[in-house]
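Residue numbers (this note's numbering), protein chains in the order written: chain L, -8 to 249; chain S, -8 to 249.
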């Protein structure tokens, strides 16, 4: 009998998140699952790692569970590092992160703890996918996502991914009938127009809440935003070489050493 | 008389870091400076932003200071957001971040709070540069860096940067005589081989410190690691479109909708 693929499951909403539970359920259909997820919500953690404080790792597996579950006090990227180095006895065949409660499309990939976990696995040479549903609520309906997640994960297990490429998968918040299919996309050029909500503590000290509105500056038909708008699951291949290769020639013309 | 350019200065080592002081000193030579930096060290914060707690912003400017200084309880990316929205009365002409105590070359760009501040400014359309010295110590010698930082910042003010490009500048820890010049580079393919140092609390609970060794898998002459090794200041143009454009065609051939 063939050995089942080993699948590391993590997220950034924390080990109790319903999105994580759904992802575990789908992955149990296609492999041997180990869960290492943050012990508290870590949204917006970007690619943070814990350098100046210690990490805890607790096993939460209950009797009769079909898979092992651990929680860590670290960030999503820490969870992947500690899973690979301290929990798993072999390199996983796949790392999946999510299902995030909320979008990680376009510029959100930069701020996303979900994607940083997947990217961390990618840096370690493990095929990795981040999944996000476009619904921030805790009781979001993850059911329609399931067949898409299963299909994409199974294909990645079968075919592998191009070298140093990670998938960022965003799923519209639609019923099964309204989901149109899957599109491979590029990241739209968008950003957040911040607004700080200024308040005062009961003691009279100012403080701020970060809020903002999402602005898409990119009308491209081939963007993740356009695909999501039309009801498609958007798959963006992501890399961690941030070099703007196209700018190298122009900068060389600056003759910085004259 | 021409208006002096407005320069936002930030970092990730916190508002008291000697590297920040050096960067302020150099920038005061070429523009009007406003400092908004984290109130505590934020190394390894990646592109984290503060979504689930509040932010404080305190003015630290002392009588007779030539520039205004603020500290924020947020991450480096938060500092840039709050500076633009709550502190500055016009869009800055330049944002500089650093001088980081320690390297942000190759894969470190992903984990770097210094670079996340610069990238955040870049997302907002502000020409931005992160500076790092390859010396982790608090009393690092920043003197030899100064002429390089001044030259690069002045050139960016003069010429602007290509659209959506940010500069990641790493400086070898060498004397003025031993620094060879400036090289435009690409990010080397490298990563950290983690090792977790497992210990026990006085109460007998396990905990971990994240440690590791840096591994460079990339012999390219055109990489930042190669330039630094040879004594050059390495300038990598960085972008925040993480799309692996080269992988789109291959993924389309997977026929995900069959």
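For glycine and all other residues, C-beta sits at the position ideal for the given N, C-alpha and C.
| message | According to DSSP, is residue 54 (chain L) part of a helix, a strand, or is it coil? | response | coil
| Regarding residue 121 (chain S) and the ligand GDP, is the C-beta to nearest heavy atom distance less than 7 Å? | For the ligand GDP, the structure offers nothing, since it holds no ligand at all.
| Near-chain S residues of the segment 218 to 240 of chain L - C-beta to any C-beta below 8 Å | Only those residues of the segment 218 to 240 of chain L whose C-beta falls short of 8 Å from the nearest C-beta of chain S are listed: 226, 227, 228, 229, 230, 231, 232, 233, 234, 235, 236, 237, 238, 239.
| message | Among the candidates L:23, L:69, L:169, L:190, whose CA atom is the shortest distance from the CA of residue 47 (chain S)? | response | L:190
| If we call anything under 8 Å between Cβ atoms a contact, is residue 93 (chain L) one with residue 106 (chain L)? | no
| said: How far does the alpha helix (DSSP H) with residue 70 (chain S) in it extend, from its first residue to its last? | reply: 67 to 73
| query | Hey, residue 26 (chain L) and residue 58 (chain L) are a contact pair by Cβ (cut 8 Å); roughly how many whole angstroms apart? | reply | The beta-carbon distance between residue 26 (chain L) and residue 58 (chain L), rounded to whole angstroms, is 6 Å. This is short enough to meet the 8 Å contact definition.
| So, are the CB atoms of residue 112 (chain S) and residue 86 (chain S) less than 8 Å apart? | yes
| request: List the endpoints of the continuous beta strand (DSSP E) containing residue 225 (chain L). | output: In this chain, the beta strand (DSSP E) harbouring residue 225 (chain L) covers 223 to 229.
| Any idea which residues DSSP pairs residue 160 (chain L) with across the strands? | In the DSSP output, where bridge partners are listed per residue, residue 160 (chain L) has L:122, L:226.
| What residue from S:45, S:41, S:114 has the CA that sits closest to residue 206 (chain L)'s CA? | Here the closest residue by C-alpha is S:114.
| message | For residue 69 (chain L), would you say it is in contact with chain S, using Cβ-to-Cβ distances shorter than 8 Å as the test? | response | yes
| request: Look at the Cβ atom of residue 259 (chain L), then the Cβ atom of residue 228 (chain S), and state whether they are nearer than 8 Å. | output: The question about residue 259 (chain L) has no answer here: the residues shown for chain L are numbered -8 through 249.
| field | Residues near residue 157 (chain S) in its chain [Cβ-Cβ closer than 6 Å; skip 5 each side] | value | So the list reads 109, 110, 113, 119, 229, once near-sequence residues are dropped.
| Between residue 29 (chain S) and chain L, is there a C-beta pair that is closer than 8 Å? | no
| query | For residue 183 (chain L), which beta-bridge partners are listed by DSSP? | reply | L:205
| Should residue 127 (chain S) be labelled buried (16 or more other beta-carbon atoms within 10 Å of its own) or exposed? | exposed
| task | Taking a Cβ distance cut-off of 9 Å, strictly less, list which residues of the segment 90 to 107 of chain L are near chain S, in chain order. | result | Of all residues in the segment 90 to 107 of chain L, only 98, 100, 101, 102, 103, 104, 106, 107 come within less than 9 Å of chain S when Cβ atoms are compared, listed by chain position.
| query | Cβ of residue 187 (chain L) less than 8 Å from any chain S Cβ? | reply | yes
| Is it a yes or a no for the segment 206 to 222 of chain S touching the segment 148 to 166 of chain S, going by three-plus beta-carbon pairs under 8 Å? | yes
| Per DSSP, residue 198 (chain S) forms a beta bridge with which residues? | S:190
| query | By the criterion of Cβ-Cβ separation under 8 Å, what are the contact partners of residue 2 (chain L) in chain S? | reply | Those do not exist, as residue 2 (chain L) stays about 15 Å from chain S at its closest Cβ, beyond 8 Å.
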